[in-house]
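**Student:** Our numbering numbers the first residue of the sequence shown as 2 and each following residue consecutively. Ideal placement from N, C-alpha and C gives every residue a C-beta, glycine not left out. On a predicted model such as this, the values are computed, not experimentally measured, just so you know. The structure's right below; bear with me while I get my questions together.
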Amino acid sequence: MRTRLPSFFDKRCDMPCLEQIALPCVRVERCLDCRGRESARQIVNTDLQSAIRVLSACCIFCLLSLNAESREFNILDYGATADDESDDTLAIRECFEACHEAGGGVVVIPAGTYLVSRQASESPILELPSRTLIRGEGAASTLKFSERVNDTNFWRMLGASRRDCRDVVIRDLHLDGSNTYQSYEPGETPEQNHGIFLHRKDGVIENILVENCLVENFSGDCIGLSVGCRQITIRGVTLRNFVRQGIQMAGDPESRGYLVTECQDLAGEVRPGGSTIHVEHADGVQDVIITDNRCRHSILAGGVDGIIIRDNTISGRLVGNGNSNAIVSGNLVRGPDAAAAVIQLGFTDGLVLKDNVVLSPNPEATGIYVWGSSRYDPNPSRDVLIADNLVRVTGRGVFLNGVDGGTIAHNRIATADASQRVVLQRCEDVNVQGDPSPAE
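Written out as structure tokens, the structure is:
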């Protein structure tokens, strides 16, 4: 009997599930189970871990279902050979296709290094079959690009197929992009060579878990999410030596439910042109959680309706534009030695910025900068709460420029000039509580 992998948010499965994750501060969502019982749960700022536990429980349930009952497909049985110079692309493709024809299962990638290469198409080199667990043996199980990758572009190691892609787990693998570029060179670097790239313009990619993988040496992104993605979890992934972004998330108004948690980027030889985690021009993506990550570079996030950035350690900046219903809390952000704002958020509608530690060694750096109403866009930022943060900078502490409606309350701000602790420009209806009088 073919095993069906339950969707993380599938109303037909046998376990209770959330209709959708609630991210704004106060929003009531409905939980439905398969027997028609209804209940309501209010997820507020302090309940983020509850939402993550729901996602984790669903992922674990899926893994147990696959491990217990599904047929296994070992790439060695289809002609792949480890630790030699032979190209294993076609053998691994045949294994993936056999898994697809069987309706899903477990693809086993034993310890060893397996070479893969682009086969004259810009489609993913290895297309993920639905209802499948792709399982390695940790860092010893390596899928590696051939060295030809540095001479051409648009190599995507793992990605969605021409069919819809649902219910996939990728875990305990090492993906190596064989990059030789030491930094981003516009027009020269093959920046579309990615590790995992999920994009489906005319279909759906949903319920994907990437867990406990090492992804390194890519001249593009280690992991990229794009149009068509829903309910994607990236957990416990280690990144190293990426030229563009570590984890990049994009999409369209139908994209929703991204969770990036417990990830880290390691020191390497490559100087990236981008960020550890980047939500780029998301164009209406809903419900994104970025939590408990260690980032040696910045977090950039823009264009999301309902985003939580929480409990991350960031050696860089935290920057975003065009977000609504955003919570930024509990982060330790050590800004670079640059005359820029450590946390900078623009054109935001509904922002809670709370309980962060914000530091910079640069004498001209601003701690927290929220802005709006520019010559390119007349709309101000609205409904902003900045509270209970610890800010230690030499320049401006908290700087609001073009904000309509907000509260600055009970922050601890250390600046060289006391008059620069809170600075307001072009603001209306902004209240300052428990802080020094703002400079106008």
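1) Quick one: what's got a C-beta closer than 6 Å to Ile197's C-beta in the same chain, skipping five residues either side?
2) Helix or strand or just coil, what does DSSP make of Val394?
3) When the Cα atoms are used, what is the spatial distance from Arg335 to Leu144?
4) Please report the distance separating the alpha-carbon of Asp418 from that of Val394.
5) Report the CB separation of Asn194 from Gly178 in whole angstroms; it is logged as a contact under 8 Å.
6) For the alpha helix (DSSP H) that contains Thr90, what are its first and last residues?
7) Kindly indicate which residue of Pro379, Gly104, Ile171 and Glu270 has the alpha-carbon position closest to the one of Arg427.
8) Does the beta-carbon distance from Val386 to Arg413 come in below 8 Å?
9) Does the Cβ-Cβ distance between Gly269 and Arg245 come in under 8 Å?
10) For Glu429, which of Asp389, Asp384, Val107 and His279 has the nearest alpha-carbon?
11) The beta strand (DSSP E) with Tyr79 in it runs from where to where?
12) From Ile171 to Cys214, what distance separates their C-alpha atoms?
13) Is DSSP giving Gly285 helix, strand or coil here?
14) Can Pro111 and Leu77 be called in contact, C-beta distance under 8 Å?
15) Out of curiosity, what's the CA-to-CA distance linking Ile315 and Gly204?
16) According to the neighbour-count rule (16 or more other Cβ atoms, all chains shown, within 10 Å of its Cβ), is His200 buried or exposed?
17) Would you grab the beta carbon distance between Ser368 and Leu346 for me? Rounded to a whole angstrom, and I think it's under 8 Å.
18) Pull up the distance between the alpha-carbon of His282 and that of Tyr185, whole angstroms please.
19) With DSSP as the reference, identify every bridge partner of Lys355, one or two as the case may be.
20) DSSP state of Asp306, grouped into three classes?
**Tutor:** Let me lay it out:
1) On the sequence shown, position 196 is the one that residue 197 refers to. If we look at Ile197 and ignore the five residues flanking it on each side, its Cβ neighbours are Leu159 and Ile224.
2) Sequence index remark: in the sequence shown, residue 394 carries index 393 (1-based). Coil.
3) The sequence position of residue 335 within the sequence shown is 334, counting from 1. The sequence position of residue 144 within the sequence shown is 143, counting from 1. Cα to Cα, Arg335 sits roughly 34 Å from Leu144.
4) What you label residue 418 is simply residue 417 of the sequence shown in a count that begins at 1. What you label residue 394 is simply residue 393 of the sequence shown in a count that begins at 1. Computed Cα separation, rounded: 10 Å.
5) Along the sequence shown, read from residue 1 onward, the residue named residue 194 stands at position 193. Along the sequence shown, read from residue 1 onward, the residue named residue 178 stands at position 177. For a cut-off of 8 Å, the C-beta gap from Asn194 to Gly178 is around 6 Å, short enough to register as a contact.
6) The count along the sequence shown starts at 1 and reaches residue 90 at position 89. Judged by DSSP secondary structure, Thr90 falls within the alpha helix (DSSP H) whose first and last residues are Thr90 to Glu102.
7) Counting from 1 along the sequence shown, the entry for residue 427 is found at position 426. Ranking the options by Cα distance to Arg427, first place goes to Pro379.
8) The residue labelled residue 386 in the question sits at position 385 within the sequence shown. The residue labelled residue 413 in the question sits at position 412 within the sequence shown. Reading the sequence as shown, one finds Leu at residue 386 and not Val. In this structure, Leu386 sits away from Arg413, with a CB-CB distance that is not shorter than 8 Å.
9) Numbered from its first residue, the sequence shown carries residue 269 at position 268. Numbered from its first residue, the sequence shown carries residue 245 at position 244. The answer is no: Cβ separation not under 8 Å.
10) Counting from 1 along the sequence shown, the entry for residue 429 is found at position 428. The residue with the shortest Cα to Cα distance from Glu429 is Asp384.
11) By 1-based counting over the sequence shown, the position of residue 79 is 78. Run containing Tyr79: none; DSSP gives neither H nor E here.
12) Numbered from 1 along the sequence shown, position 170 holds the residue referred to as residue 171. Numbered from 1 along the sequence shown, position 213 holds the residue referred to as residue 214. Taking the straight line from one Cα to the other gives about 8 Å.
13) Along the sequence shown, read from residue 1 onward, the residue named residue 285 stands at position 284. Correct three-state label for Gly285: coil.
14) To locate residue 111, count along the sequence shown from 1; it is residue 110. To locate residue 77, count along the sequence shown from 1; it is residue 76. Yes.
15) Start at 1 with the first residue of the sequence shown, and residue 315 comes out as number 314. Start at 1 with the first residue of the sequence shown, and residue 204 comes out as number 203. Here the C-alpha atom of Ile315 lies approximately 35 Å from the C-alpha atom of Gly204.
16) Stepping through the sequence shown from its first residue, residue 200 is reached at position 199. Around the beta carbon of His200, 16 or more other beta carbons sit within 10 angstroms, so the residue counts as buried.
17) Position 367 of the sequence shown, counted from the first residue, corresponds to residue 368. Position 345 of the sequence shown, counted from the first residue, corresponds to residue 346. The amino acid occupying residue 368 in the given sequence is Gly; Ser does not appear at that position. The C-beta distance from Gly368 to Leu346 rounds to 12 Å, too long to meet the 8 Å contact threshold.
18) Residue 282 sits at position 281 when you count from the first residue of the sequence shown. Residue 185 sits at position 184 when you count from the first residue of the sequence shown. The alpha-carbon of His282 is positioned some 20 Å away from that of Tyr185.
19) Within the sequence shown, residue 355 is the residue found at index 354, counting from 1. According to DSSP, Lys355 bridges with Ser330 and Ala388.
20) Translated into positions along the sequence shown, residue 306 becomes position 305. In the structure shown, Asp306 sits in a strand (DSSP, three-state: E or B).
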